[in-house]
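I have placed the structure first, in the form of structure tokens, so that the comments after it can refer back to it.
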Amino acid sequence: MQDAILDGVGKMQDAILDAVGNMQDAILDAVGNMQDTILDAVGNMQDTILDAVGNMQDAILDAVGNMQDTILELWETCKMLYWTLWATCKMLYWMLWATCKMPNWTL
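Numbered according to my numbering, the sequence shown spans residues 208 to 314.
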């Protein structure tokens, strides 16, 4: 009878150890899956942040490029206005000079 009791106790201990081992395996699997999920989420967040930073950099570079283009266009416009004003003043000067040099000039 003692042998039967010891066999029963041994079988219960084996069953308990198997159950505990299975629970430990299940817990370790769950923790591993959670770690994988967390690492995937962190990786995706990093990718999203890097994409956003890249897009911001592209937008900033585009804006700077557009400002440079605008400044260059403004510079060209100013140069054109300067030379137009210069030519107009030169023309008025020569017209006035020619008028003053007319033979019958009287005040």
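Think of the CB as a built atom: it goes at the ideal place given N, C-alpha and C, for glycine as much as any other residue. In this text, all values refer to a predicted model and were calculated from it rather than measured experimentally.
Can you name the start and end residues of the alpha helix (DSSP H) that Met-263 belongs to?
-> 209-307
Alpha carbon to alpha carbon, what distance is there between Leu-268 and Ile-245?
-> 34 Å
Considering only residues of the same chain and omitting the five flanking positions on each side of Leu-235, which have a CB-CB separation below 8 Å?
-> none
From Trp-293 to Asp-258, what does the alpha carbon distance come to, in whole angstroms?
-> 52 Å
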